[in-house]
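Everything below concerns the one structure shown next.
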Amino acid sequence: MPIQSRLSGSPDIDSGLLKLIEQDWIKCLKGWWPDNLNHYLITKYQVDITARYAGQSIANPFGKASGQLTMNIGQIRESAQAGLGFVVLKTLIAQNAMGHQSMSAWSIPESKMQVEPITGQSGRSGWTITWKGRGWSRSFEDYIQLCRDSFEISMETGLIVAPSVKFHLPANLDEKWYISEYEYTLNALAKAWQGAGGQSLLIVEKDFSPTLAGDQLGKQEKLIERWLTEITSVIRNATSEQLTLGIKLFNFVGDHEYQNEILRICLDDSCKPDFLVYANRLFNPNKTFEGVAGVAYGGPDLSDRNLAILTRCRPETTQSNVEISGTGDIDSGRTAVEYGLLGCSSVQMHTIFQIPTDIPASAGLSRTRKTLATLVFHPVHGLTGWLLHARRHWGLCNESGLSKWMGLKDLKMQPLEAAD
Ligand SMILES: Cc1cc2nc3c(=O)[nH]c(=O)nc-3n(C[C@H](O)[C@H](O)[C@H](O)COP(=O)(O)O)c2cc1C
C-alpha cells in the first residue's frame, strides 16, 4: 500500500494486536510502565524501537530538543528517569576568554511561554509555543556547570546529552570568523566532558535558529551558503578535541527551492557534519508578541514543510549517509514515523512536552514519562501501532521477524508526498 500523503487516522493492524495496545494504554492511564520498555515491545509486539542519535545507539527515537525544557539539572534527571533516548541542552551563546559574545543579541532573558492551538494552511490543527526569549541568558560558567552535571547523569544512566551552541557568524562575505569564541567555548565544553569521564566523543549541536532566519542576514543566500560550507571546518579546526558535530538547520524565510539548497549544501562531502537536525521552527515576521515584532512558530505548517523538503531531498539524504535527527511538530508516534520514513534516525521535540496530555495526574507519572507513554502506546497515534501498520502494509519486518524503527528509512516504497 503506497503512502499518498501525510499519515492520518488509526493504524490498520490485526484486531488482536490492537486490543493488546489498547490494554497497555489503559494501564498507562493508571500509571503503569514496563520494567524494560525495549524488551517488552520486542517480546510482546516484535517491535524494536532502538534508534540512533549522533552516531550512537539509543533506546528509543525520542529526545528533548534544545530549549526551555533542558535548562536545569532537574529537567535532565527527569528525562533520564522517564527513559528518553537523548536530550539537547539549551543553546549557549559562544564567548571568548574575555567574555565577548558576538551573538549576544541572542542571549536575552527567558520570558513566559504561551502554548497556543494553531491551524496550519492544510486545515490540520496542532500546537505552537510563543515567547520572546532566545539563547541561554545566565552565565557561561553556569552553563558549563549544567553540562558537567548533565554529563554525569549521562554516565550513570546512558541518556545521551548534547550541548548546543550558537557561534559567531560573519555578517558579510568578507568578514572573518571570530575563532577565539569558537576555541574558548569548545574547549570549555570539552573540559566538562572529560571531567565527567566522557568516553565516547563529545556531541555538539550548532544551532542556526529561526530568529536568525528572520534576521536580515538570514535572507542573503550567498551569505548562508558561506556559513554552511565553512562552518563544519571552522568548528573542527577550533579544537583539538574530536567531536560528533551536528548542524541544526533553520527554515529559510522564502521559497522551497532555496530550502532544498540549504539541505543539499550540508550533505556535500566537502563540508558535511556528522549529523543534521532538520529543521527548526518557521518565522512569522508579521506577528507581534509582547511588543516584539516577528516570532518563531511551529505546528502543522512546520511538519508539512519539513516533510516536503525531506521528501524532495530523499535521494541525496539516502546517498549521503549523514544521520538526520528530525524536529518540528512531532506530536505523536505517527508523525515520528513520517520523519522516520524520510530518513530520520531520531526525533527531538519541545512542544509535545508542554501540551495537555490524556494521562491524569492520578497516574503519578512525570510529565516526560506521560509524553513517552503517549508516544509509544497511544492506540491511534502511538509508535507501536504505526510500526505494526508498517509491517502489515509496507513489509517492515527483518529476517528475525522484528519490525524496527531503524528499518523505516530503508523501505522501498513511494515516499510520503508531504503538502507543499
Ligand atoms: C520555547 C522554545 C525555546 C527554544 N529554544 C531553542 C534553543 O535554545 N535552541 C535550539 O536549537 N532550539 C530551540 N527551540 C527549538 C526546539 O528545539 C525545536 O527544534 C522546535 O521547537 C521544533 O520542535 P517542536 O515542534 O516539537 O517544538 C526552542 C523552541 C521553543 C518552543
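Residue numbers in the sequence shown follow the numbering used here, run continuously in steps of one, and reach 420 at the last position.
For every residue, glycine included, the Cβ atom is placed at its ideal position computed from N, Cα and C.
Heavy atom of ligand 1 within 6 Å of residue i beta-carbon
| i | result |
| --- | --- |
| residue 381 | no |
| residue 421 | The chain is shown only over 1 to 420; residue 421 falls outside these bounds and no answer can be derived. |
| residue 67 | yes |
| residue 422 | The question about residue 422 has no answer here: the residues shown for the chain are numbered 1 through 420. |
| residue 158 | no |
| residue 405 | no |
| residue 207 | yes |
| residue 294 | no |
| residue 280 | yes |
| residue 327 | yes |
| residue 248 | yes |
| residue 155 | no |
| residue 164 | yes |
| residue 39 | no |
| residue 113 | yes |
| residue 350 | yes |
| residue 423 | Residue 423 falls outside the range modelled here, since the chain spans only 1 to 420, and no answer is possible. |
| residue 298 | yes |
Whole-number beta carbon distance between residue j and residue i, since they are thought to touch under 8 Å
| i | j | result |
| --- | --- | --- |
| residue 56 | residue 164 | That pair is no contact at about 17 Å. |
| residue 192 | residue 134 | Not confirmed; about 22 Å, so no contact. |
| residue 166 | residue 91 | 5 Å |
| residue 325 | residue 344 | 6 Å |
| residue 132 | residue 289 | 6 Å |
| residue 85 | residue 61 | 6 Å |
| residue 168 | residue 102 | 4 Å |
| residue 411 | residue 341 | 7 Å |
| residue 68 | residue 113 | 6 Å |
| residue 348 | residue 88 | 6 Å |
| residue 7 | residue 391 | Residue 7 to residue 391, Cβ: 15 Å. No contact. |
| residue 384 | residue 78 | Actually they do not touch by this definition, with Cβ atoms about 23 Å apart. |
| residue 246 | residue 269 | With a Cβ gap of about 17 Å, residue 246 and residue 269 do not count as contacting. |
Assigned secondary structure, residue i (DSSP; H/G/I helix, E/B strand, else coil)
| i | result |
| --- | --- |
| residue 177 | coil |
| residue 397 | coil |
| residue 141 | helix |
| residue 116 | strand |
| residue 125 | strand |
| residue 205 | strand |
| residue 14 | coil |
| residue 91 | strand |
| residue 222 | helix |
| residue 311 | helix |
| residue 104 | helix |
| residue 97 | coil |
| residue 151 | helix |
| residue 188 | helix |
| residue 376 | helix |
| residue 336 | helix |
| residue 2 | Note on residue 2: pLDDT 44, under 50, position unreliable in the model; no value is reported. |
| residue 442 | Outside the shown range of the chain (1 to 420) lies residue 442, about which nothing can therefore be said. |
| residue 130 | strand |
| residue 81 | helix |
| residue 415 | Residue confidence for residue 415 is low, a pLDDT of 48 falling below 50, so the modelled location carries little weight and cannot support an answer. |
| residue 56 | strand |
| residue 69 | coil |
| residue 260 | helix |
| residue 240 | coil |
| residue 199 | coil |
| residue 135 | coil |
| residue 321 | coil |
| residue 306 | helix |
| residue 7 | coil |
| residue 410 | helix |
| residue 252 | coil |
| residue 342 | coil |
For residue i: DSSP bridge partner residues
| i | result |
| --- | --- |
| residue 234 | None, per the DSSP bridge assignment. |
| residue 326 | 278 and 347 |
| residue 48 | 404 |
| residue 247 | 206 and 276 |
| residue 62 | 347 |
| residue 366 | According to DSSP, residue 366 bridges with nothing at all. |
| residue 292 | 289 |
| residue 166 | 93 |
| residue 297 | 282 |
| residue 161 | 87 |
Residue i Cβ short of 6 Å to ligand 3 heavy atom set
| i | result |
| --- | --- |
| residue 131 | No copy of ligand 3 occurs in the structure displayed; its ligands are ligand 1 alone. |
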